[in-house]
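Engineer: Under this note's numbering, the residue at position 46 of the sequence shown is numbered 234, and the numbers go up by one with no gaps. One structure follows; several queries about it will come next.
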Amino acid sequence: MRLDLGGRSFVVCGASRGLGRATAEELVRHGAHVLLAARSPQQAAAALGEAATAVPVDLTSPDAAG
């Protein structure tokens with residue numbers, strides 16, 4: 189099935205590996221722009237190119253929430 193997600197943006201947490209990374213890859217494959225929230229943002233963005241923006245976030249730390 190082909191989804192057209194062009195022009196849409198998504199935030200994916202835990203995007204450097206596992207289910208988060210797979211989710212981000214699928215969203216990009218369908219044309220979306222993805223904000224990658226990950227403890228290792230460089231690793232998260234490495235394979236996704238310009239369709240993704242990575243930011244360092246550690247959701248295991250309450251202080252990271254702001």
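Ideal Cβ placement from N, Cα and C applies to all residues, glycine included. What you are looking at is a predicted structure, and each value in this text was computed from that prediction instead of being measured.
(1) Between which two residues does the alpha helix (DSSP H) harbouring P250 extend?
(2) Alpha carbon to alpha carbon, what distance is there between V222 and L215?
(3) Is it buried or exposed for S197, if we count other Cβ within 10 angstroms and need 16 for buried?
(4) When burial is assigned at 16 or more other CB atoms within 10 Å of the CB, is S204 buried or exposed?
(5) As a quick exercise: from A225, A239, A233 and L207, pick the residue whose alpha carbon is nearest that of L193.
Structural biologist: Straight from the coordinates:
(1) The residue given as residue 250 occupies position 62 in the sequence shown. No alpha helix (DSSP H) contains P250, which DSSP labels as neither H nor E.
(2) Along the sequence shown, one-based indexing puts residue 215 at 27. Along the sequence shown, one-based indexing puts residue 222 at 34. Their Cα atoms are separated by approximately 7 Å.
(3) Here residue 197 refers to the residue found at position 9 when the sequence shown is read from its first residue. Counting Cβ neighbours within 10 Å, S197 comes out exposed, since fewer than 16 surround it.
(4) As a first step, residue 204 must be located in the sequence shown, where it is residue number 16. The residue is buried, with at least 16 neighbouring Cβ atoms inside 10 Å.
(5) Position 5 of the sequence shown holds residue 193. If we check each option's Cα against that of L193, A239 comes out closest.
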